[in-house]
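Engineer:
In this note's numbering, the protein residues as written are 374 to 721.
Take a look at the structure:
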């Protein structure tokens, strides 16, 4: 199909804007990269700040006191259920007590998680007990972090020390130099401070020391229960058993060992003797299983080429400790092939 046009070919005239109207730009200007990237950074920063502010936001004092009282009332009922060996009902009550608490009361949450872990241990629900201990220890870490061990670098240390770790490090430094809270510290108060303010500051210092003792006490319980859960999970795994050894090793330090009753001290010492052989056994078993799976995978890849992993022999040099690989076409099925090749080589 074709069309014919007659007459001169002219371009239509541009539509004129009404008089008095400002001229519009011929093309819209594209947005620059700098203009689009700034809002994204602001959004990311505002998101992180909003999360922090949400966690640090507190209820009014009266509302918080009401919630804590309600939680303690439910906790008392849960303790009675635990004493009556009704562990399933006790777990449900402890969960309801935790739901009543404000989320920022990490210590109170850790106490409830420790009780929940005790219920699961009574019912030999090792994995559930382990999960409860992990939640409780995470809460105590927010409240008062453990000092970092030598040779171990966490993600916070790689990117920057957290406020909690820095605070705990400063507290330890003050204790070593005699300048921390407690004995030997000089508390500076404003000259115009009245007696009520002085008593409040002194009360805060005493509360801080008692809070540290409470945190240490609950942390010891959680470590003992986590170690027992880790060492009791079946089938035993290398990671769980090694984690139990790590927990018992931490409990064997003087800071914690001195606060353990005699029965728990015996448990810690016995575990540090019995667990290492189990760790080695689990390690060897898991390594052997992994090597078997890798061998099956390699045989599946080499089979189309008429090869198998048995044709590749790995030998270790006793002097250097290095490894070398040799190809055996016979696949270790006998010395006949190797002997015939050796005879042919000697005839040359």
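Built from N, CA and C at the ideal position, the CB exists for glycine as well.
I want to know whether the stretch 608-625 touches the stretch 644-659 - three or more CB-CB distances under 8 Å.
Structural biologist: As far as the Cβ criterion goes, the stretch 608-625 touches the stretch 644-659, which means the pair count is three or higher.
Engineer: Can you check DSSP and say which residues form a bridge with residue 697?
Structural biologist: In the DSSP output, where bridge partners are listed per residue, residue 697 has 688.
Engineer: How many Å lie between residue 679 and residue 667 at the Cα?
Structural biologist: Answer to the nearest angstrom: the Cα atoms are 18 Å apart.
Engineer: Provide the residue span of the alpha helix (DSSP H) that contains residue 495, from first to last.
Structural biologist: Element bounds for residue 495: 479-495.
Engineer: Shorter than 7 Å, the distance from the beta carbon of residue 482 to the closest heavy atom of the ligand PLP, or not?
Structural biologist: With respect to the ligand PLP, the structure offers nothing, as it holds no ligand at all.
Engineer: Specify the secondary structure class of residue 679 as computed by DSSP and reduced to three states.
Structural biologist: DSSP places residue 679 in coil when its eight states are reduced to three.
Engineer: When we look at the beta-carbon of residue 665 and count the other beta-carbons within 10 Å, is it buried (16 or more) or exposed?
Structural biologist: Its Cβ having fewer than 16 others within 10 Å, residue 665 is exposed.
Engineer: Output the distance between the C-alpha atoms of residue 473 and residue 434, rounded to the nearest integer angstrom.
Structural biologist: Spanning the two alpha carbons is a distance of roughly 15 Å.
Engineer: Quick one: using the 10 Å Cβ neighbour count with 16 as the cut-off for buried, is residue 488 buried or exposed?
Structural biologist: Buried, since its Cβ has 16 or more Cβ neighbours within 10 Å.
Engineer: Can you tell me whether residue 636 is buried or exposed, with buried defined as 16 or more other CB within 10 angstroms of its CB?
Structural biologist: Flag for residue 636 reads exposed.
Engineer: Report yes if the C-beta distance between residue 454 and residue 462 is below 8 Å; otherwise report no.
Structural biologist: It is a contact, given that the beta carbons lie within the stated cut-off.
Engineer: What's the call for residue 673, buried or exposed, on a 16-neighbour Cβ count within 10 Å?
Structural biologist: It is exposed - the Cβ of residue 673 has fewer than 16 other Cβ atoms within 10 Å.
Engineer: Which of the three DSSP states, helix, strand or coil, is assigned to residue 567?
Structural biologist: Coil.
Engineer: Look up residue 648 in the DSSP assignment and say whether it is helix, strand or coil.
Structural biologist: If DSSP states are grouped into helix, strand and coil, residue 648 belongs with the helices.
Engineer: Once the 5 residues before and after residue 432 are set aside, which same chain residues still bring their CB inside 8 Å of it?
Structural biologist: Within the same chain, residue 432 has close Cβ partners 440, 475.
Engineer: Taking the alpha helix (DSSP H) that residue 513 falls in, what are its first and last residues?
Structural biologist: Residue 513 -> alpha helix (DSSP H) spans 499-516.
Engineer: Taking 6 Å as the limit between beta carbons, can you name the residues of its chain near residue 467, skipping five residues before and five after?
Structural biologist: Cβ within range, chain order: 451, 485, 488, 489.
Engineer: Quick check on the burial criterion: 16 or more other C-beta atoms within 10 angstroms. Buried or exposed for residue 448?
Structural biologist: Buried is the call here.
Engineer: Given a cut-off of 8 Å, decide if residue 483 and residue 512 are closer than it, judged by their beta-carbon atoms.
Structural biologist: The answer is yes: Cβ separation under 8 Å.
Engineer: Looking at the structure shown, is residue 476 part of a helix, part of a strand, or coil, going by DSSP?
Structural biologist: If DSSP states are grouped into helix, strand and coil, residue 476 belongs with coil.
Engineer: Around the C-beta of residue 695, are 16 or more other C-beta atoms found within 10 angstroms, so that it is buried, or is it exposed?
Structural biologist: Flag for residue 695 reads exposed.
Engineer: Answer yes or no: do residue 582 and residue 480 have a C-beta to C-beta separation smaller than 8 Å?
Structural biologist: It is not a contact, given that the beta carbons lie outside the stated cut-off.
Engineer: Under 8 Å, do residue 599 and residue 670 count as touching if we go by C-beta distance?
Structural biologist: No, they are not a contact pair.
Engineer: Give a yes or no on whether the C-beta atoms belonging to residue 809 and residue 499 are separated by under 8 Å.
Structural biologist: An answer regarding residue 809 cannot be provided, because it is not within the stretch 374 to 721 covered by the chain.
Engineer: Return the Cβ separation of residue 595 and residue 510 in integer angstroms, given the expectation that the two are a contact with Cβ distance under 8 Å.
Structural biologist: That pair is a contact at about 5 Å.
Engineer: Can you tell me where the alpha helix (DSSP H) with residue 623 in it begins and where it stops?
Structural biologist: Run containing residue 623: 611-624, per the alpha helix (DSSP H) assignment.
Engineer: For residue 697, I'd like the list of residues in its chain whose CB is within less than 6 Å of its CB, leaving aside the five on either flank, ordered along the chain.
Structural biologist: Correct list, in chain order: 688.
Engineer: Secondary structure at residue 520, three-state DSSP: helix, strand or coil?
Structural biologist: Residue 520: coil per DSSP, three-state reduction.
Engineer: Tell me which residues share the same chain as residue 610 and place their Cβ nearer than 7 Å to its Cβ, disregarding the 5 neighbours each side in the sequence.
Structural biologist: So the qualifying residues of the chain are 655.
Engineer: What does the Cβ neighbour count give for residue 631, buried or exposed, with the cut at 16 atoms within 10 Å?
Structural biologist: Exposed is the call here.
Engineer: Identify, in the order they occur along the chain, each residue of the same chain with its Cβ nearer than 6 Å to the Cβ of residue 464, setting aside the five sequence neighbours on each side.
Structural biologist: Closer than 6 Å at Cβ, skipping near neighbours: 489, 492.
Engineer: Between the alpha carbons of residue 518 and residue 653, how many angstroms are there, rounded?
Structural biologist: Spanning the two alpha carbons is a distance of roughly 31 Å.
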